[in-house]
Structure formats: structure tokens, C-alpha cells
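Protein chains in written order, with our numbering: chain A, 1 to 520; chain B, 1001 to 1477; chain C, 2001 to 2193. Following: one structure in C-alpha cells, then a few remarks.
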Amino acid sequence: MTSILLAQEFKSPTIEYAKVAPLLIVFGVAIVSVIAEAFLPRRFRYPTQVVLSLGSLAAALVVTVGLAGSKLLAAEGAIAIDGFTLFLWGTILVMSIISVLLLAERAVDGGVTAFAAQAAALPGTEAEREAQARRLEQTEVFPLFLFAVGGMLLFPAANDLLTMFVALEVLSLPLYLLCGLARRRRLLSQEAAMKYFLLGAFASAFFLYGMAMLYGFAGTISFSGIAAAIGAKTGVDGLLLAGTALVAVGLLFKIGAAPFHMWTPDVYQGAPTAITAFMAACTKIAAFGALLRLFYVALGAARWDWQPMIWVVAILTLGVGSVLALTQSDIKRMLAYSSIAHAGFLLIGFVGVRDHISANTSAILFYLAAYGFATIGAFAVVTLVRDASGEATHLSRWVGLGKRSPIVASVMALFLLAFAGIPLTSGFMGKWAVFSAAWQGGAWPLVVIGVVASVVAAFFYVRVIVLMFFSEPAAEGPTVAVPSVFTSVAVAVGVAATVVLGLMPEPLLQLAARAAQLVG
Amino acid sequence: MTAAVMPLAAGELAAFGKDPWWIILIKAVAITVFLLVFTIFNVWFERRVVARMQHRVGPNVHGKFGLLQSLADGIKLSLKETIKPKGVDTILYVLAPIISAAMAFVAFSVIPLGPEVSIFGHRTPLQLTDLPVGVLFVLAAASLGIYGIVLGGWSSGSTYPLLGGLRSSAQMISYEVAMGLALVAVFLYSGSMSTSEIVGAQAGGSAVDIFGVTLQLPSWYGVVLLPSFLIYMIAMVGETNRAPFDLPEAEGELVAGFMTEYSSMKYLLFFLAEYVNMVTVSALATTMFLGGWRAPWPISLWAGANEGWWPLLWFLGKVLVFLFVFIWLRGTLPRMRYDQFMRLGWKILIPVALVWTVFVATARATLSAGYQRQFFFGIGAVVIVVLLLSFVYDAVAARREKAEEVEREEADQVEFDPFAGGYPVPPMPGQKVPGLEPAAVAVAAASAGAGSADSSGGAGAEGAGQQADSGEERGRG
Amino acid sequence: MSTVRVLFVLLGAVAVGSALLVVTTRQIVHAALWLVVTLGALAGCFLLLTAEFVAWVQVLIYVGAVVVLLLFALMLTRAPTRPDPAARTPNAWFAAVVAAAVAGVLVTTLVAGFSGAVIDLDRAEIGGARVTGGAVFSTWVLPFEVLSVLLLAALVGAIVLSRRDVPNRPRDAEAARDTEPARDADDRERSSS
């Protein structure tokens, strides 16, 4: 029979199921939760989804920890599983678990989640009011969230351009949707989703063009193949340069580096705050992972070509992030600009590399973890400061918060100090690691600029702290909602991580140093 | 023909691409003529069969058994005045019926009508051409045919055609998915997507070994892959917009759908396309599921049944059976409502086709790897689990039903309000109309009298009219 | 030049020409139809390269489904049978420059990367079902499967954005029952007062 003949010709792929299990668990449970969404009665959906999401992420985390020490190319060379990947997987999974807790929070907004009762109902219509009155919830956010996490896991592990592009899309698409699903201020949220989607699609197109050019240059899209081609071929540098630049645009967009940062403030402000927290932490981690892998493994030999470009981007990013944050009057927008500035610090660590990438890689890994915990915690605090119209994000509403709710204000102050890089917080250790790596890599001008930017940035962080503690509260100021155990845990983990990583960074630093090996 | 200049991958379909130009020409012309004649025959056949089913005679005046009736009708139709409405997009308006008809014809070029025969001393397969992906070609041609309908509807610049065109193309796209999925199982079984190879693969059945007992499977995929066959049968009716799925032409809703603004020759082309499409999907069904031109069982005992020109006869016979089914359906079933139709396509046909495809793939993989025992135990386990689940579901459903019944009874206890919502409403079954009995009896008597006596006045006539309306409504549903 | 080569050039010209018409025609439906011609001509090019499977899938998916859905969207929103004056934009020149630049870069890529590469049509099977399937399900199996996840996510998203659980009018029995007692209570209140 023909088909049996075919079966002999076809060499079935070898998939190292045990090694890619974290990916498979997250994607598999995402699909299961789509099915649950389809068949379960409405009242069972929320608890089922929360359990499924938390369970899958925890299981994936356990498996990831169990994989420690693996070093191989899996799934026909599509993904690289090495210390770097596993560290990032672990970080992303931990941050995702915290984000799920924020997603599942129902206590602060009258017993419903922070997501639109019904996304299809136009804002301000009778249908919307009725959906609100019926206390509907869109529990589809959980499977969408898991899809995004799956994409983020795949992104830094991808070992060829195609897989990387697919991962980029898988992580982006659910985020575009999630951004538009806020329960409050829906027009703002929908605008954010639209902007993110259009600009994101544009950035993806850039990435794709860059891919095409790198393929034209190397004749292959695997990272090792490109690296080999850079060593072997001479004379077609134009393609390599153009391809590198375009691919970089796609990745820098996700990172939120200037001049590709335009979406960040609007999207961070409009998106539901839980999603903002998730994006600020996990997208950045995944995108930096992908950036490092692509540029160190595939394009490492062409370092002299791309380093000047990244230098310019890093300086711009630092400038834009630090200076524009000064002028913000909305806490979410301020945190958005702060995230841009942090992208700049990370880029310093990324670009200041001479011969050995391991110091830079481990510094960036540590910084990402430290920043991720603090940023999720900060956004979690933002969800708690509320008034009748939802979250009170305008800075003027935060005046005197320290008098009204000393604990929340102190926690926020801690996170802001960590962002500013004050010693004894995780932020200081992160900055220290990144700057010292870059200094050794010979990028001392960048380090100087980075230090100046930190000083500028510290000013606006401290300004918020001053607002909170040293001003009289307004008469009809916002109240601080009492969160359920979900948000409390998220904030507590953030605080703990920020303090512990500030006081005892050694274990994580060592782990990052051990993880800083890329196969390819 | 592209096939002649197109370099085929070596080693595949060696019999094709060798014909001299005149044989290709003969084949092309023959297929065109065959389809035209078959259409004329088909119209007559349909009218006769439907008439028979409705205890009428049907056309019987022109020619023997009225055979020339549809020819006369066709000539009359094409000679009618061409009316082009104002505000049409002329190019597309003209192009639409042509696309529709042309694609219907093109799809037939890869259908194998018979084995290798000799035409003027030249050995050649009885098939215009074949591709390694011939079946995809048929599907592609069918999907291009949709443009004729969409554009016909849009270019007319009128509302009903636009809605009819959109409706019909949505219908065709939906059912194309189910159709394609139904065919996947055939591809899996035959290991090919070329029509002639699929016919070849149905020459002999494969053997299956179940717990030591060797079973000879029948050779037709219509039997082996019965679910696929059934899905394809339903999908092909939907794909050709025939009753009970003839929604694009639901007169009561859309006048004549996308054809409303067409007349004369262009209308004829749409008409032709519909009938040729019927033949094409029937021919594809024959090829994929009923062994193509191969002789059916009792005849196949005769050694010469599958040689020479005889197979053309078997092929035509099988196609005619399908056409009869089309007509039978039209004579039997009322038209479905659009939402029911879409639900059938998306919620039943496609999921079933998907599950079946996965099942077939699993079966092929496990059986060919020699895991017979595991496979059948697996099936047994799945069946048991499904049975158990269905018991659970039944129990839950029964309890819910009981609860609903109790609730309904409680609701019935609530007094009937004949003016709920400010308008007079009829009572639900089981509800009593308090204090209105005499009036209700009077109205009933009046409407009963309306049929016999004209003197019963306006109220009675109106009641009868409403009855007629609701009757029509039911008929349409 | 062989027949195949002539045909290839012709199809390429058709593809480029109709692609230009896609962006220059002022009739939005016509633009979609020119896109059909472009995609069809590309399918023809694939055919000439013996990639039958890719060619027919291109027709089936892009021409038969994607553009039809595009037409749906156009026709259900606004698609006059007359030219649309709003289809002209002053930015056209800028767009043309960008498009030309992009095309130039891509052509350069192709020429620099693959000039002189020859496919032996008589021996190699590149775009057939077997080879395509083999590549998709062995080397690229992970991205391929993840793509299906992407599509699933897109589907879920589309449903989230469009499905209405709350009907605009309370026409179902449940809603009717909900409103009933309220009205009764109202009545009772009125009658007692």
C-alpha cells in the first residue's frame, strides 16, 4: 500500500517531551481551559479557570526546576534548552503565577474581576449596563493569559527565526486582546488595545522583513547557521546589516526601547492593571531573553556592526524614559516611562559586551528577576487605591496616602525605591550588576549616562514618595480597597523578593551566573 | 491546457501529460458537450421524478417522454430579452455568471471517467488530466465558483441580490470546510490526492486482522469510511445550494437571491452552473467513495467489466444515483431555516468530521505499526467511557428536566394574564383563560363559519387569513 | 526560452500588474478582485515550479477563503458600485516611495542570496504534498503546532470580542420571568394605595 510506503519514507521528528514539558503543560492546559470555557456552566468557570491556570503554571515551574542542568537543542533544533532558557522559564513562570493572582482578584471591585463584563457590549450602552448588573465575567481571560505565557516561554528558547517569530505572535496576540478588556474606563482600554495591536503588527512586519533578509544572507534561519554564515561569508554585509536592524526593531518594540516605545505609556495606562503588571514584567523578560539569544548566539560574530546601533538606542531609551517620566501626572503612565528607563539600563548591560557574554547575561538575568518582582508589586498596589470610578491613578489622588493607609504607601515606597536603585533593595543590586558588567565590557560612557539617568529617575520616584507621606490628604481622597488573599500574596511576594534580593542577592546572582550559558 | 506544458514531478501519474494536442482537444470538447447534454437531461429528469413523487406526470409533450422539453426551455431562456438594470457594475455583472459556469466545468477536468482506452489508436486514460493533488484542484475550482455568486450579488447594485449572494457564499464556504474534512480521511486511506490513484486504490479492499480473525474490508471508501461519506453527502448538497439547503433562492425571503437582477443568457449560465456543479460533486463523490469507474460488485465478477469503454457506463450509473438522491431530497424535504442550516454545518458536520479524521489517522497509525490489540482495546475503552458519560449525562438531564417540570407546573399555577405586557396574548398550553370562555367560543365559531359562509364578516375573514399566513410560515420553517 | 520560462515571466508580469492595480484602483471591491488575480498568478508561478500542492492550497485558502471574507467585510460595511473619492489619499506618494524601497530591498535580498540557485524541475519535488508535509511535520513541527495554538487564541479572542450573552431585548423566557414579579409588585402597590 502506498501509505505504508510513505510511512517508511517519512522520518518522524524526535521531540524531547520531557525537556519541553513546561511548554507543553502550559499550552495543553490553555487548550483544556478553552474547552472548560465552552462546556462548564457559568458559575463553575471562574474557580475552574483559576485552579487550572495556577495549577498548570505551578506544575510547569516544578518541571522547569527539575530540568536544571539540561543543555540541548530540542524538537528538531527548534528550541534551545540551556541554563539561560531554564532561568528565564522559571522567572516567567513565577511572575505569571503572581499575575494570575492579580487577574483572579475579585475583592477590590465589588466581587467581580477587573475585566469587562461583556467585551462585545459597546461602552455606555444598555447592554453594558445590563451585563454589569448581571455581574457577568469574561473568564476567557484565563486561557488567553495562558496562551500568552506559553508564547513567552517559547520566545527566549527559540533557536531559529521562524520559531521566534511564531512565539512573538503567540505572546502578542492574546496581550492585544487582554489590553482591551478592562471593566472600567473601557474606551481608554479599547484605544490601548487598538494602538498596541496596530503598532505591534507593524513591528512584527519589521521583524519578518529582517528575517527574510537574514535568510537571504545566510540561506538558513537557524541561529547556528546564521552564526556560521557570518564567519564564512564576506562581501554581503548589506543584507546582514539591514536584516539585523529590522529584526532588532521588532524585538526592541516589545522591550519598549526608544524610539519604539510610543505605545508603552498609552497601553500601560489603558490596559487592565493586572495585565499591565503582567506585560511590564513578563513581556520584558521574554523579549530580553529573545534579544540576548538572537544577538549573542546568531549575530554575536557581527557584534561590531550592531553595537553602535544599540548604543544609540540605549542612550535614547534612557533619556526618554527618565526625562518624560518627570512630566507624568498619572501613576500608571509614570510607571510605564519608568519601565522604558529600565529597558535602557538593561540595554546598557546587553550592549556593553566585549569577549565574554556570561557576565552580561547573568547581570541581565538578575536584573530582569529583580525588576519583575518589583514592577508586579507596584502595579498590584495601584489596583488597590480606588475611588468610585475605579482605580485612582492620577498622582494628585495619591496625595497623603501615607497618612490614610501607611502600609500600602510604605509598600509602594519600597517598590519605588527599588526602581530608583537605592541600596538595600533589589534594584540597587540589579543596577550594580548591569553597570559593572558593562564597565568591564568597555562601555563606560554608557555606564556614566546610565548613572546620570538613574539620578534623574530617582527624582520622580522620590517625588511620589514625598507626595504620599509629606502632604495632607485631600478631603475626598480615594480609599484603599481591602484585597483578598490573591493580591495580598502578590504584593507580599513582591515585597519579600525586593527586600531579600536587596539584602542577600548572592544565591540568585550565583544561579544567574551558572545559568548564563547559551547553546546554539 | 496547463497540464501539457507543466512539468510533472517525475515518477508520478506516468500515464498523463503524454497526449498529443488533438486528443486533449477531443477530451475537452467531449467533457463540455457531455456536461451540457447531461444538464439538459438532468433538468428533464428532475422534473419527471419530482412530478412522479407528487403524483403528476411532468413534461411529456415534446419528444419521447418529453425529453426535448428542457432543450426547448433552454433555447427560449437564452433568446429572451437581456435586461441590464441601472447602476450595475457592468464588467463584474457580466463576468459573474461566466466565472460561475466556467469553474463548474473546469472542476470536471480531473474526474476520471474510465481506464485507459484507445482513441483513434492512441492509448490514453479517459480523463482530461490529473494532478498529484487533483482533489484539491476540484475544491479550489469550487471555491473560485463562489466568486460568481458573490460578485453577481454585489454587482447588481440591489439589496436582495447582495444579501442572497452573501448568504449563499457564506453557505458554500462553511460547507466547503466540512467537505474538505470529509475528504481527508480518503486521502489518509489511499495515500494520495490524485483522483485516478484514489480510484485505483479502491480496486481491492485491504485486510484487517482482529484478534486473529482476518477480515476482508470492502474496497469502496464509501463503506470503509461511512461517516466521511455521509458528511460529504450532506456537504455536497449544501455546497450546490440545493434543497433542503437552497437558501440563496428562498423566494419568500430574498426573491431569487443573487440571480434576481439577471435575465436571459446570464441567468441561464447561473442555472447551468448549478446543474453542472451537481454533476461535478456527484462525480467527485463517485470517485472518492464509490470506486469511481470501477464496476460494482455483481458486475465486477465479469473479467472484462473494468476494461475498455464499459466503465464509463458504470460511472454514469453511479453519478445518476447521486443525482436521483439530489432530486429525491428536493421532493421530500422542506427548506431549512438559515440559522439551523449554519448550526448543522458548524456545530455538527465540522466537529464530527474532525473527530472522525483524528480517529482514522489514529487507526491507520496504530494498525500499520502492528498494535491491533491495543487499538481495539483503546476503542473499547473509549466506547465504555462515552457510554458511562452518557449515562451520567442522562441522569443529570433527567433530574434537571424534573426540576424544570416542577418549575413549569408552579409557573402554571400562576394565574393567566391575558394582557401581559399591555397586549392581548394567547394562553400557554395548560393555562386557563379566566372569564373569557364565552368570547373565545364566539371567535372560534366565527372563524369556523368563515370557510363556509361569506356572510360572517370581516373578523372571520381576517382570522382565516392569519391561519393561512401561519400555515405558510410553518411550511417555510 | 522554454515555454515554462515564458509562462513564468508572463505570470509574474500579471502578478505585478494586478498588484499595482490593487493599490491604484478607486473601487474598493475591484481592489479586492485584483488581489485575487495577483494571488492567482502567484499560484500559477508555484505550479510552474512544480509546487502543485502549494499552488492549489494558495488558491483554496487565499483566493477561495481569505479574499472572499475580505469581500464579505467590504460588502457588509460599505461598498458602493461607484468609485469612492475617499480612496485617494495625499499620502499616496509617500506610500509609493516606501513600497518601492521595500520592494527594492527584497529584490536585493533575493538577488544577493539566491542568484544563480537552480531548481532541477525534473528531479526535485519541492512543493508537492509529500515534501511539504514532510518538512512541516518533521523539521518545523514545533512552530507548526504552536501556530495552531496561535489560531486557537485568535479564535477565542474573536469570540470574546463579539459574543453577546446579554440580549438587547428581554425576549427569552428567563428574562420575562424576571420582569414579571416586579410588575406584579408594582400593581399590587398601586392597587393597595
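In this text, a Cβ means the ideal position worked out from N, Cα and C, and glycines have one as well.
Report the three-state DSSP secondary structure of residue i (helix, strand or coil).
i	result
Leu1126 of chain B	strand
His1055 of chain B	coil
Pro974 of chain B	The displayed coordinates of chain B run from 1001 to 1477. Any statement about residue 974 of chain B would go beyond what the structure contains.
Ala114 of chain A	coil
Val480 of chain A	strand
Ser222 of chain A	strand
His356 of chain A	coil
Gly390 of chain A	strand
Ala182 of chain A	strand
Ser1452 of chain B	Only weak support exists for where Ser1452 of chain B lies, its pLDDT of 45 falling under 50; the coordinates are left without a value.
Asp330 of chain A	strand
Ala1295 of chain B	coil
Ile15 of chain A	coil
For residue i and residue j, what's the separation of their Cα atoms in angstroms?
i	j	result
Lys1318 of chain B	Tyr1423 of chain B	58 Å
Gly1304 of chain B	Pro1161 of chain B	52 Å
Phe206 of chain A	Leu299 of chain A	17 Å
Arg1373 of chain B	Phe1359 of chain B	16 Å
Leu1247 of chain B	Glu1176 of chain B	16 Å
Tyr367 of chain A	Pro505 of chain A	11 Å
Lys1027 of chain B	Val29 of chain A	56 Å
Val2068 of chain C	Ser1143 of chain B	9 Å
Tyr461 of chain A	Val62 of chain A	36 Å
Val447 of chain A	Phe435 of chain A	6 Å
Glu105 of chain A	Arg129 of chain A	21 Å
Gly321 of chain A	Pro423 of chain A	21 Å
Asp2172 of chain C	Pro1426 of chain B	Unreliable positioning characterises Asp2172 of chain C in this predicted model, as indicated by a pLDDT of 45, which lies under 50. A coordinate reading is not provided.
Ile2119 of chain C	Gly1121 of chain B	37 Å
Met1233 of chain B	Asn2091 of chain C	52 Å
Glu2145 of chain C	Ala2065 of chain C	22 Å
Arg1294 of chain B	Gly1114 of chain B	8 Å
Lys332 of chain A	Tyr268 of chain A	6 Å
May I ask which residues mark the beginning and end of the alpha helix (DSSP H) holding residue i?
i	result
Leu2060 of chain C	Per DSSP, Leu2060 of chain C belongs to no alpha helix (DSSP H) and is neither H nor E.
Asp1019 of chain B	Counting along the chain, Asp1019 of chain B falls outside any alpha helix (DSSP H), and DSSP gives it neither H nor E.
Ala50 of chain A	Note that residue 50 of chain A is Val in the sequence shown here, rather than Ala. Note, Val50 of chain A: alpha helix (DSSP H), 42-66.
Val2014 of chain C	2003-2024
Ser1228 of chain B	1226-1239
His2030 of chain C	2028-2048
Gln510 of chain A	506-515
Val1110 of chain B	Premise fails: Val1110 of chain B is in no alpha helix (DSSP H) and is neither H nor E.
Asp109 of chain A	Segment: none, Asp109 of chain A is in no alpha helix (DSSP H) and carries neither H nor E.
Which residue comes first and which comes last in the beta strand (DSSP E) that contains residue i?
i	result
Leu72 of chain A	72-74
Ala80 of chain A	79-81
Asp160 of chain A	That residue, Asp160 of chain A, is in no beta strand (DSSP E); it is neither H nor E in DSSP.
Arg386 of chain A	385-387
Next on the checklist: In chain order, what are the residue ranges of uninterrupted alpha helix (DSSP H) at least 4 long that sit wholly in the stretch 263-290 of chain A?
Outcome noted: Taken in chain order, the whole alpha helix (DSSP H) runs of length 4 or more contained in the stretch 263-290 of chain A are 263-270, 273-278.
Checklist entry - Counting Cβ pairs, one atom from each stretch, are 3 or more of them under 8 Å apart for the stretch 191-199 of chain A and the stretch 169-183 of chain A? => result Verdict: yes, contact present.
Next on the checklist: I want to know whether the stretch 418-435 of chain A touches the stretch 336-356 of chain A - three or more CB-CB distances under 8 Å.
Outcome noted: Counting C-beta pairs closer than 8 Å gives three or more between the stretch 418-435 of chain A and the stretch 336-356 of chain A, which meets the contact rule.
Item to check | Segment contact flag, the stretch 428-442 of chain A with the stretch 392-410 of chain A, C-beta cutoff 8 Å, min 3 pairs | outcome: No: fewer than three Cβ pairs fall under 8 Å.
Next on the checklist: Within 8 Å, do at least three Cβ pairs link the stretch 1185-1194 of chain B to the stretch 1121-1136 of chain B?
Outcome noted: The answer is yes - the stretch 1185-1194 of chain B touches the stretch 1121-1136 of chain B, with three or more Cβ pairs under 8 Å.
Checklist entry - With a cut-off of 8 Å, do at least 3 Cβ pairs link the stretch 280-294 of chain A to the stretch 151-159 of chain A? => result Three or more beta-carbon pairs drawn from the stretch 280-294 of chain A and the stretch 151-159 of chain A are found closer than 8 Å, and the two stretches are therefore classed as touching.
Checklist entry - Where are the alpha helix (DSSP H) runs, 4 residues long or more, that stay fully inside the stretch 80-105 of chain A, in chain order? => result Counting only runs of 4+ residues, the alpha helix (DSSP H) found wholly inside the stretch 80-105 of chain A occupies 83-103, in chain order.
Checklist entry - Per the contact definition of three or more C-beta pairs closer than 8 Å, is the stretch 115-124 of chain A in contact with the stretch 247-256 of chain A? => result No, the stretch 247-256 of chain A does not touch the stretch 115-124 of chain A.
Next on the checklist: Measuring CB atoms only, is the stretch 69-87 of chain A touching the stretch 2127-2142 of chain C, in the sense that at least three cross pairs come out at less than 8 Å?
Outcome noted: The stretch 69-87 of chain A is in contact with the stretch 2127-2142 of chain C.
Next on the checklist: When you compare the stretch 1268-1287 of chain B with the stretch 1322-1334 of chain B, are there three or more beta-carbon pairs, one atom per stretch, that lie closer than 8 Å?
Outcome noted: By the Cβ criterion, the stretch 1268-1287 of chain B is in contact with the stretch 1322-1334 of chain B, since at least three pairs of Cβ atoms, one from each stretch, lie closer than 8 Å.
Checklist entry - Do the stretch 1094-1110 of chain B and the stretch 1260-1276 of chain B make contact, defined as three or more Cβ pairs closer than 8 Å? => result Three or more Cβ pairs drawn from the stretch 1094-1110 of chain B and the stretch 1260-1276 of chain B lie within less than 8 Å of each other, which places the two stretches in contact.
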